[in-house]
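This report concerns only the one structure given below.
Numbering (the numbering used here), first residue to last: 38 to 320.
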């Protein structure tokens, strides 16, 4: 029997205030640890805040020397101290390029891998470089292992990415996000759809409240509603507060059961799908 207690963090980040944001995030994460969580997911750009375009390079983490960055060092130490796996999302810099990057830390505080956001939203297309790879990460909880795939925010609307990860072995899909309130309807429906069509658990971690755009001074309000969803698309837990850690036990054996109940992954015609996709063009 494989059962895993997980947590999703919802929080209001303060733009540019990395140390303040990380300390808040870890304070919330500790509440998850105190309840027995062994895997914790943080929101997209939780440490820098989302609306920091003018300081992206200054705030970004360089993975060639990750321990020089406050975020990585603090999370690594927390993971090692609490014996907890962490999934975080931060600005990444490499060769004068900036990426929106999620990364996985082991329970020993070591970097297991990273995922660069492929589908960029709005002005992110000018702000970030696009990622080019999907990867599934295997987490070893000693009594059992579980495979997890990462997507970021806007990517919840691209079923292809989630399907690729599920067919590559992912049992859990994690979505660090800074998803806007104006499109809450998409957040509520698409996350459940990704869980159902792939018979995966979904852990979605979002910002709350709002931030002010660095140049236009317009307020960007976030949807909140961080949630944990089962393979039948049932929302098991949902955050209600500005700063909150929700915790839920996942029955990982239920994934196999649901994939037998509705065998989408078994019956998909990959050859036909691939043939059509190579001929089609974005609208």
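Even glycine gets a Cβ: it sits at the ideal position worked out from N, Cα and C. Only a predicted model underlies this, so the values are computations on that prediction, with no experimental measurement involved.
Less than 7 angstroms between C-beta atoms, sequence neighbours within five positions excluded: which residues of the same chain meet that for residue 56?
107
May I ask you to verify whether the region 269-280 touches the region 154-168, counting CB pairs closer than 8 angstroms and requiring at least 3?
no
Which residues share a DSSP beta bridge with residue 142?
123 and 148
Would you decide whether residue 298 is buried or exposed? Buried here means 16 or more other CB atoms lie within 10 Å of its CB.
exposed
Which partner residues does residue 264 have in the DSSP bridge list?
241 and 275
Roughly how many angstroms separate the alpha carbons of residue 320 and residue 195, rounded to a whole number?
14 angstroms
Out of 221, 173 and 88, which has the shortest C-alpha to C-alpha gap to residue 199?
173
Could you say which of 233, 223 and 122 lies nearest to residue 145 if we only look at CA atoms?
122
On the CB-based measure, 16 or more other CB atoms within 10 Å of its CB, does residue 222 come out buried or exposed?
exposed
Do the region 62-81 and the region 109-129 make contact, defined as three or more Cβ pairs closer than 8 angstroms?
yes
For residue 38: DSSP bridge partner residues
Its beta-bridge partners do not exist; DSSP assigns none.
So, for residue 230: in the same chain, excluding its five sequence neighbours on each side, which residues have a beta-carbon less than 8 angstroms away from its beta-carbon?
196 and 270
Identify every residue that forms a DSSP beta bridge with residue 217.
259
From 131, 183 and 100, pick the residue whose C-alpha is nearest to that of residue 148; which is it?
100
Look at the alpha carbon of residue 216 and the alpha carbon of residue 82, and state the distance between them as a whole number of angstroms.
11 angstroms
Here's the rule I'm using: 16 or more other beta-carbon atoms within 10 Å means buried, otherwise exposed. How should residue 40 be labelled?
exposed
Can you name the residues that DSSP bridges to residue 248?
257
Residue range of the alpha helix (DSSP H) that includes residue 201
196-204
Span of the alpha helix (DSSP H) holding residue 321?
Absent from the structure is residue 321, since the part of the chain shown begins at 38 and ends at 320.
Can you tell me the Cα-Cα spacing of residue 206 and residue 240, whole angstroms?
16 angstroms
Applying the criterion that 16 or more other CB atoms from any shown protein chain within 10 Å of the CB defines a buried residue, is residue 264 buried or exposed?
buried
Within a Cβ cutoff of 7 angstroms, which residues of the same chain sit near residue 248, ignoring the five residues on either side of it in sequence?
52, 86, 87, 88 and 257
Straight-line gap, residue 68 to residue 47 (C-alpha atoms, nearest Å)
12 angstroms
Are the CB atoms of residue 185 and residue 211 within a distance shorter than 8 angstroms?
yes
So what does residue 183 bridge to, in DSSP terms?
176
Excluding the 5 residues flanking residue 290 on each side, which residues of the same chain have their C-beta closer than 7 angstroms to its C-beta?
38 and 39
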